[in-house]
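Numbering (my numbering), first residue to last: 69 to 244.
Below, the structure written as structure tokens:
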């Protein structure tokens with residue numbers, strides 16, 4: 069299967085997912101990224117989530133769940149495309165956003181609902197989306213400019229430095 073065939077299959081699968089998401093959240097303003105001021109802020113939210121959710125930070129089954137690993141894989145591809153100004157970037161960002169927005173529904177409707185790591189993952193998604201959209205412009209620019217490569221892997225070193233602060237926000241979100 070060549071690249072274009074794979075992209076067509078992805079496009080069809082994600083069209084179905086988008087249709088399901090619209091049934092779950094018919095109003096656009098109820099979606100996670102609706103109030104983000106720019107595409108860059110959405111990218112930043114994904115970078116925050118991707119950096120905060122290294123699989124080794126989870127002890128339970130969640131770290132091996134396909135939807136979680138697939139979202140992280142797509143986010144890494146999207147960040148790579150973002151860095152390279154790839155034409156496929158906008159499609160990948162769209163796919164990541166769909167998966168991100170449908171993830172809470174998957175978490176709450178599955179056998180994972182009672183797991184602490186599942187609640188932690190849901191809280192991380194809320195914090196990453198909220199913080200990415202609401203942080204001061206100068207900090208957003210610093211974090212976006214810092215996304216780069218290290219040994220051919222996407223790295224977000226400045227985000228890694230603020231993870232302790234973000235995880236305190238996650239703990240607060242989990243307490244409700």
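Glycine included, each C-beta is placed from N, C-alpha and C at the ideal position.
For residue 217, the enclosing beta strand (DSSP E) starts and ends at 216-218.
Between the region 200-218 and the region 166-186, the count of C-beta pairs closer than 8 angstroms stays below three; the two stretches do not touch. Relative to residue 78, the option among 161, 221, 243 whose CA is nearest is 161. Under the DSSP assignment, residue 79 falls in the alpha helix (DSSP H) whose first and last residues are 71-92. Rounded to whole angstroms, the gap between the alpha carbons of residue 106 and residue 133 is 30 angstroms. Taking C-beta atoms under 8 angstroms as the contact rule, residue 85 and residue 135 fail to qualify, at a distance of about 11 angstroms. The three-state secondary structure of residue 132, taken from DSSP, is helix.
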